[in-house]
Each structure stands twice: as C-alpha cells, then as structure tokens.
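Chemist:
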Amino acid sequence: MIDIKLKKVGVPNVNMLTLSGEFDLSDQDRAQGLLPEILTESCNGVIVDLTGVTYMDEAGIETLIYYLQELTRIGIYMAAIVKPESGLMNKLKRFGIFDCVGIKVFSSVGEAEAAIKADRCK
Numbered sequence: 001m002i003d004i005k006l007k008k009v010g011v012p013n014v015n016m017l018t019l020s021g022e023f024d025l026s027d028q029d030r031a032q033g034l035l036p037e038i039l040t041e042s043c044n045g046v047i048v049d050l051t052g053v054t055y056m057d058e059a060g061i062e063t064l065i066y067y068l069q070e071l072t073r074i075g076i077y078m079a080a081i082v083k084p085e086s087g088l089m090n091k092l093k094r095f096g097i098f099d100c101v102g103i104k105v106f107s108s109v110g111e112a113e114a115a116i117k118a119d120r121c122k
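In terms of UniProt numbering, the sequence shown opens at residue 1 and continues consecutively.
Printed below as a string of structure tokens:
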C-alpha cells in the first residue's frame, strides 16, 4: 500500500505530493482521487516525490500520466522526483515516461523547484 502525503514546498503556490511504499492497482483510485485536493485555488505547480516508492506497477505509471494530462490541461506545471539509479527510474524509462509522455524528472526537490520557477518566467 502506498502512503501519500500532501504538503507545501518553498516555492509559493506549489504543492508537493510525497509517495512512499508500494504503488499498485489497489492504490490507483485513491491516488487519482486526490487531484482536487492537490489543486488549491492558488496552485500553479505540483511536485510528485517518488523517492520513497519501492515498487510501482502499471497502475502507478497510469496515475502519473493521468496527473500530467490533467495538470497540463489546466496549465499547471508538474515535476517528478525520482532517485537517479533506482529500479523505479529504470522502469519509468522503459515505459517512455520521460521521452514519450513528457514528465519532467529531477533528482531533488531543489531542482524541481528551480524548474518550476524557471517555467513561470517564460
């Protein structure tokens, strides 16, 4: 079972969703159902921290794609944090999450925050 926490980060109007544990099909509805809670009125960036995820099946990957599609549709930047040499990173690469789907991935909260700040300045 995946543990999901929502918190603020150092960048104004950015929310962070921290996931830890195993993410499988039984967690998909709960995780996708959190999107309205993530999207406060002033939110214009979301960071999804996956550094604590020990296992993710296709349902978890589908949830990441769902988040990206919904957030992009309403003009909100999404960044993910994944350990660079982790099994999860390798799995996400195999699924084409970065190249085909376009999820921006970083190795730290600081990098993700900087990317969101830079995106706002465009």
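Yeah, the Cβ is synthetic: ideal placement off N, Cα and C, and Gly gets one too.
All figures in this text were calculated on a predicted structure; none of them were measured in a lab.
1. Return the bridge partner residues of S20 from the DSSP annotation.
2. What is the residue span of the alpha helix (DSSP H) that I38 lies within?
3. Let me check understanding here. Comparing Cα to Cα, which of Y77, I74, F23 and T51 lies closest to K83?
4. Under a Cβ-count criterion, where at least 16 other Cβ atoms within 10 Å of its own Cβ denotes burial, should T54 be classed as buried or exposed?
5. To the nearest angstrom, how far is the alpha carbon of residue 127 from that of I116?
6. Just to confirm the assignment, what range does the beta strand (DSSP E) spanning K104 have?
7. Assuming F106 and A79 are in contact, meaning their beta carbons sit under 8 Å apart, how far apart are those beta carbons, in whole angstroms?
Modeler: A quick look at the data gives this:
1. The residue given as residue 20 occupies position 20 in the sequence shown. According to the DSSP secondary-structure assignment, S20 is paired through a beta bridge with D3 and G52.
2. Taking the first residue of the sequence shown as 1, we reach residue 38 at position 38. Run containing I38: L35 to I38, per the alpha helix (DSSP H) assignment.
3. In the sequence shown, counting from the first residue as 1, residue 83 sits at position 83. The option with the nearest alpha carbon to K83 is T51.
4. The count along the sequence shown starts at 1 and reaches residue 54 at position 54. In this structure T54 is exposed. Its beta-carbon is surrounded by fewer than 16 other beta-carbon atoms within 10 angstroms.
5. Limits of the chain in this structure are 1 at one end and 122 at the other, which puts residue 127 out of reach.
6. Taking the first residue of the sequence shown as position 1, residue 104 is located at position 104. Residues K104 to F106.
7. One-based indexing of the sequence shown puts residue 106 at position 106. One-based indexing of the sequence shown puts residue 79 at position 79. Cβ-Cβ separation between F106 and A79: approximately 6 Å, consistent with a contact (criterion under 8 Å).
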